[in-house]
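Everything below concerns the one structure shown next.
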Amino acid sequence: MVEILTRPDQRSNDLGPGGSPRSRLWTLAVACMAVGLVVASMTALNTALGDLAVATSATQSQLNWVVDGYTVALACLLLPAGAIGDRHGRRGALLIGLLVFSAGSMAPALLHHPVQIIAGRAVAGVGAAFVMPATLSLLTVAYPKEDRVKAVGIWAGTAGSGAVLGMLGSGVLLRFWDWHAIFWSLGVAGLVIFALACTVSSSRDAAAPRIDAPGALLIGAALAIAVAAILEAPTRGWADPLIWGGLVVGGLLALLFCAVELRRRQPLLDVRLFTDPAFATGVASIVILFGATFGFFYLGMQYVQQIMGYSPLMTAVAFTPFMVPLGICSALSFWYVPKFGLRLVIFAGTLLMAVGFASMHVLGLHTTYLELAWPTLILSTGIGFCTAPTTSAIMGAVPDEKQGVASAVNDASREMGGALGIAVAGSILAGRYSQELAPRLAHFPAPVRGPASDSLAKAVEIADRLGPQGRSLAELSKTAFMASLHASTTALAVIVAAAAVLIGLWAPGRDGRQLGPVRRALARRHRA
Numbered sequence: 001m002v003e004i005l006t007r008p009d010q011r012s013n014d015l016g017p018g019g020s021p022r023s024r025l026w027t028l029a030v031a032c033m034a035v036g037l038v039v040a041s042m043t044a045l046n047t048a049l050g051d052l053a054v055a056t057s058a059t060q061s062q063l064n065w066v067v068d069g070y071t072v073a074l075a076c077l078l079l080p081a082g083a084i085g086d087r088h089g090r091r092g093a094l095l096i097g098l099l100v101f102s103a104g105s106m107a108p109a110l111l112h113h114p115v116q117i118i119a120g121r122a123v124a125g126v127g128a129a130f131v132m133p134a135t136l137s138l139l140t141v142a143y144p145k146e147d148r149v150k151a152v153g154i155w156a157g158t159a160g161s162g163a164v165l166g167m168l169g170s171g172v173l174l175r176f177w178d179w180h181a182i183f184w185s186l187g188v189a190g191l192v193i194f195a196l197a198c199t200v201s202s203s204r205d206a207a208a209p210r211i212d213a214p215g216a217l218l219i220g221a222a223l224a225i226a227v228a229a230i231l232e233a234p235t236r237g238w239a240d241p242l243i244w245g246g247l248v249v250g251g252l253l254a255l256l257f258c259a260v261e262l263r264r265r266q267p268l269l270d271v272r273l274f275t276d277p278a279f280a281t282g283v284a285s286i287v288i289l290f291g292a293t294f295g296f297f298y299l300g301m302q303y304v305q306q307i308m309g310y311s312p313l314m315t316a317v318a319f320t321p322f323m324v325p326l327g328i329c330s331a332l333s334f335w336y337v338p339k340f341g342l343r344l345v346i347f348a349g350t351l352l353m354a355v356g357f358a359s360m361h362v363l364g365l366h367t368t369y370l371e372l373a374w375p376t377l378i379l380s381t382g383i384g385f386c387t388a389p390t391t392s393a394i395m396g397a398v399p400d401e402k403q404g405v406a407s408a409v410n411d412a413s414r415e416m417g418g419a420l421g422i423a424v425a426g427s428i429l430a431g432r433y434s435q436e437l438a439p440r441l442a443h444f445p446a447p448v449r450g451p452a453s454d455s456l457a458k459a460v461e462i463a464d465r466l467g468p469q470g471r472s473l474a475e476l477s478k479t480a481f482m483a484s485l486h487a488s489t490t491a492l493a494v495i496v497a498a499a500a501v502l503i504g505l506w507a508p509g510r511d512g513r514q515l516g517p518v519r520r521a522l523a524r525r526h527r528a
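Note that full-length UniProt numbering gives residue 30 to position 30 of the sequence shown, counting from 1, and the numbers run on in steps of one.
Structure follows, in structure tokens:
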């Protein structure tokens with residue numbers, strides 16, 4: 001394979017990969033701005049859903065899909081978008097993605113029907129699918145191997161912080177304007193970054209084969225169906241035929257994708273990569289990391305707003321400390337990963353995450369901000385330890401000419417993990433809340449019991465209209481919510497701790513080799 005690098009003016013470049021150090025730094029800055037924007041777009045609307053519902057008369061299901069439509073479109077197109085960037089040029093993929101993202105982001109500001117807004121968000125997700133893999137693959141090709149880990153660490157820290165930045169930015173905008181401002185700001189930011197991205201060096205695989213259309217269709221359908229089913233699980237329940245049926249169909253399509261790719265001479269994704277311990281560790285760890293991150297934000301935002309009484313802006317401010325250890329640890333990964341090895345770093349980081357979730361058991365109805373801050377810092381430190389090393393493990397296992405596809409695998413793992421985290425946390429929270437509250441509402445009339453058992457937000461809304469009985473309803477509902485919150489964080493702590501043990505057993509160490517017993521067990525299996 002031949003890797004072609006071109007400057008914006010198309011002149012030859014004899015300064016090595018990516019050009020001069022200044023050129024590489026500029027590429028890093030633009031890549032971080034772009035990935036930060038598309039990640040921020042995932043969470044920016046969470047603080048505006050109430051206003052959006054009032055203005056558009058959207059149902060709860062439609063509100064969910066205003067957020068989830070973006071995620072599903074993004075997830076299902078990542079792999080083909082990464083391959084297109086490898087073949088036709090990564091800067092071109094980034095530029096096209098930013099234009100589509102901007103158009104899709106600004107369209108809802110001009111539309112008023114919920115279905116139209118959902119469609120606009122899906123278009124923005126299509127653009128984001130081209131942006132995310134292009135940003136990382138441009139970096140990994142531009143930087144020489146000795147500096148690549150530092151660049152990936154900064155990129156990963158930015159991507160991990162994007163969720164908080166999205167909430168913070170939307171909170172500020174809602175302080176002065178209405179929900180339209182969020183869509184306008186996302187679109188304008190995309191156009192500004194588009195102009196900046198025109199100046200970065202491009203790269204492509206000159207010998208790339210034609211895009212594997214059957215593989216792209218299969219993996220796109222598998223991810224779209226599976227992610228949609230997972231995102232709907234907290235609302236419909238895991239026993240709903242649409243949910244388990246969607247998961248089964250998505251799984252079967254993924255297996256068919258693997259079978260097709262194994263037979264192709266030039267596959268979209270060489271599925272044999274998953275037998276590489278470093279690559280497999282990276283993918284599994286990223287699913288866990290982003291499941292933990294989005295599960296935490298899903299639970300934490302509800303706690304801070306509905307129990308602590310914070311406004312949308314103050315909620316975002318409350319979570320800004322999350323970015324500090326995450327950013328520092330990601331930026332320093334070039335130092336501690338070679339020193340301790342991938343296995344120890346991921347094991348320690350995921351254990352810290354489990355401790356962070358377990359520490360949230362101290363939260364109560366009258367918790368101070370400091371009591372919330374220290375579990376948040378423990379959790380974000382664990383995530384920060386793991387984020388950059390896992391991304392580097394994925395990218396390092398794949399040759400330079402396939403960096404777009406490798407980046408797409410990295411990003412698809414993030415999306416799948418985020419969807420799973422929200423689904424698991426949301427399902428436990430909703431199920432346990434109803435289970436805790438229903439017996440306590442026996443003396444309330446049926447028109448109160450039903451809506452109040454759906455969510456704390458509805459219970460508080462009803463309580464405000466009930467008069468003297470309202471105070472009792474609010475207290476009972478908040479107590480039930482805290483029990484369900486503790487059940488959710490305990491479950492997440494157990495899941496992450498179990499994942500830490502499994503990853504610690506499987507991952508390669510500082511010498512690049514797995515543990516002796518694991519190697520011997522695998523050798524016996526191959527001989528058999």
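Backbone N, C-alpha and C fix where the C-beta goes; we use that ideal spot for every residue, glycine too. Computed from a predicted model, the values in this text were never measured in an experiment.
For a test of the three-state rule: what should DSSP assign to residue i, helix, strand or coil?
i: residue 204; result: strand
i: residue 266; result: coil
i: residue 368; result: coil
i: residue 2; result: With a pLDDT of 42 at residue 2, under the threshold of 50, the modelled position of that residue is not reliable, and the figure given next carries that caveat. In the structure shown, residue 2 sits in coil (DSSP, three-state: anything other than H, G, I, E or B).
i: residue 198; result: coil
i: residue 238; result: coil
i: residue 251; result: helix
i: residue 522; result: helix
i: residue 444; result: coil
i: residue 484; result: helix
i: residue 512; result: coil
i: residue 179; result: coil
i: residue 13; result: Summary for residue 13: the model assigns pLDDT 41, below 50, so the residue's position carries little reliability; its value from the coordinates is reported in the next sentence. In this structure, residue 13 counts as coil in the three-state DSSP scheme.
i: residue 211; result: coil
i: residue 489; result: helix
i: residue 392; result: helix
i: residue 59; result: coil
If you draw a straight line from the C-alpha of residue i to the C-alpha of residue j, how long is it?
i: residue 448; j: residue 462; result: 7 Å
i: residue 242; j: residue 235; result: 12 Å
i: residue 279; j: residue 384; result: 19 Å
i: residue 436; j: residue 452; result: 12 Å
i: residue 53; j: residue 20; result: 50 Å
i: residue 321; j: residue 172; result: 17 Å
i: residue 87; j: residue 411; result: 19 Å
i: residue 515; j: residue 427; result: 36 Å
i: residue 282; j: residue 394; result: 5 Å
i: residue 398; j: residue 69; result: 30 Å
i: residue 253; j: residue 277; result: 24 Å
i: residue 48; j: residue 513; result: 48 Å
i: residue 517; j: residue 308; result: 49 Å
i: residue 376; j: residue 259; result: 42 Å
i: residue 266; j: residue 212; result: 8 Å
i: residue 339; j: residue 510; result: 7 Å
i: residue 103; j: residue 121; result: 10 Å
i: residue 408; j: residue 138; result: 12 Å
On the DSSP letters alone, give me the boundaries of the alpha helix (DSSP H) that residue i sits inside.
i: residue 29; result: 21 to 43
i: residue 460; result: 456 to 466
i: residue 296; result: 277 to 306
i: residue 132; result: 114 to 142
i: residue 399; result: Looking at the DSSP string, residue 399 is not in any alpha helix (DSSP H), and its letter there is neither H nor E.
i: residue 96; result: 90 to 110
i: residue 325; result: 323 to 331
i: residue 314; result: 312 to 318
i: residue 53; result: 49 to 56
Would the beta-carbon of residue i be found less than 8 Å away from any heavy atom of the ligand MG?
i: residue 245; result: This structure does not include the ligand MG; it has no bound ligands of any sort.
Taking residue i as the reference, which of the options has the closest Cα?
i: residue 351; options: 68, 245, 285, 120; result: 285
i: residue 181; options: 68, 105, 312, 511; result: 105
i: residue 364; options: 450, 443, 485, 68; result: 485
i: residue 231; options: 488, 321, 425; result: 425
i: residue 156; options: 389, 302, 432, 443; result: 389
i: residue 250; options: 224, 119, 313, 521; result: 224
i: residue 140; options: 505, 503, 153; result: 153
i: residue 244; options: 91, 343, 228; result: 228
i: residue 332; options: 151, 501, 118; result: 151
i: residue 288; options: 48, 524, 121, 413; result: 413
i: residue 42; options: 512, 418, 527; result: 418
i: residue 175; options: 478, 378, 360, 312; result: 312
i: residue 33; options: 46, 165, 111; result: 165
i: residue 183; options: 239, 117, 109, 213; result: 109
i: residue 416; options: 294, 442, 102, 201; result: 294
i: residue 374; options: 341, 319, 334; result: 319
i: residue 503; options: 275, 344, 111; result: 344
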